[in-house]
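Just so we're on the same page, my numbering is the position in the sequence shown counted from 1, plus 10.
Where a beta carbon is used, it is the ideal one built from N, C-alpha and C, also for glycine.
No experiment lies behind these values; they were computed from the predicted model shown.
Written out below as structure tokens is the structure these notes cover.
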Amino acid sequence: MNMRFIFYVVAFVFAWNGSNGLMLPGWRAQHGPAQAMSWFSRVRRYPLPSHRIIDPIEDCFLVTSEEGELFFKSPSDEPIVCGIYMIADPDKRIQVIFNYLDVPCENGGLVAWVDGWELNGQVWPADAWDDDRVVESCDKRPQRKLVSKQNAALVQYRVPARGKGFAITIRHIRNPRPCNLMLFGSDGVYTLRNHGETGNCSVLAVSPATVRVLDLDVGQTVKRNSLLEVETGTIHHCTKRGLHDYVDIGGASGLDHTKMEVYDSLCGLDSNEARRSMYIACEDTVVRLVSSGRYQNSVTLAFSALPLENIEHADLICGMNDI
């Protein structure tokens with residue numbers, strides 16, 4: 011994966027969405043659009059070395075796929091909100107350990123761990139949000155290891171006290187049962203599985219993309235007493251048919267994939283590669299597997315970049331229904 015490309019993509023996404031949706035209290039009151047826009051030039055566009063002191067000017071919005079230790083020391087008493095956006099390979103989770111934390115609670119000092127990403131008031135993954143996904147700290151560092159459920163996590167911080175700060179160690183650990191995957195320009199093949207459980211899983215590619223279904227088994231393989239299954243082929247528009255297990259393919263204008271625009275919903279048992287790819291011209295391309303828990307669902311997908319010449323004739327162009 012070309013990591014330089016990743017950070018250019020992320021910088022574009024931040025610039026497109028704005029950065030006034032951070033979850034730390036008081037953020038919207040302290041920063042307007044003009045000041046938020048000035049932060050985009052501070053997104054670091056190349057990988058970090060394994061040990062680094064965060065530059066508060068250049069690294070206020072920092073996106074990293076690297077493991078290692080990061081240090082931050084506040085240069086002033088200004089209540090500026092910044093974030094460390096962490097991304098790992100799709101089959102990994104992110105572990106963060108706070109080695110030390112010296113952030114006074116006075117004047118609104120705060121450091122927050124977010125299991126997932128947050129941007130412009132939207133969170134990912136959005137299907138299973140609960141308060142346990144945010145851990146806020148000041149004065150006293152979290153004692154336990156903080157581990158994400160997927161391959162993306164975030165540390166947001168506001169340290170309005172000169173000379174105060176924190177240090178974290180980032181590790182990428184194996185995820186034996188990935189459910190939600192975030193991709194940045196990642197051409198490749200990925201499989202979503204529900205492992206027989208109730209709930210939703212997703213792939214979110216932060217770019218327009220071409221999606222081809224290579225293998226489909228959704229709503230067919232019963233968890234028990236299922237020795238032989240007959241292929242139904244791919245069934246389209248499954249939600250309109252009232253079926254409870256399906257795969258939505260479409261796009262979104264932000265991280266919240268529950269608000270996606272759906273091009274098609276698929277189900278059935280089909281071991282043959284789809285005859286054609288779907289062209290999704292949206293800020294984010296989304297594939298969302300919805301499972302009732304009755305079936306062993308899986309879908310294998312090939313992602314690739316959407317050629318510029320195909321955007322005008324894409325199967326789905328997000329936002330067109332609002333015009």
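About 5 Å separates the Cβ atoms of W127 and L164, confirming a contact at the 8 Å cut-off. Residue S287 holds the alpha-carbon nearest to the alpha-carbon of T220 among S287, G131, V144. Annotation: S301 to N185 spans about 20 Å, alpha carbon to alpha carbon. With contacts defined as CB atoms closer than 8 Å, V232 and R304 qualify as a contacting pair. Annotation: the continuous beta strand (DSSP E) that includes L202 extends over 198-203. Boundaries for L253: no alpha helix (DSSP H) harbours it, and the DSSP string shows neither H nor E there. Bridge pairing for G209: S301 [DSSP]. For I178 against V106, the beta-carbon gap comes to about 5 Å, under 8 Å, which counts as contact. A straight line joining the alpha-carbon of G78 with that of L253 spans about 46 Å. Leaving aside the five residues that flank D227 on each side, the residues in its chain whose CB is nearer than 6 Å to its CB run, in chain order, L279, S308. Taking C-beta atoms as the reference points, D255 and R298 fail to come closer than 8 Å.
Residue pairing from DSSP places I97 in a beta bridge opposite A162. Per the DSSP secondary-structure output, E128 pairs in a beta bridge with V133.
Collapsing the DSSP output to three states places G118 in a helix. Between the alpha carbons of M96 and V240 lies a gap of roughly 43 Å.
In this structure P188 touches P100 by the C-beta definition: roughly 6 Å separates them, less than 8 Å.
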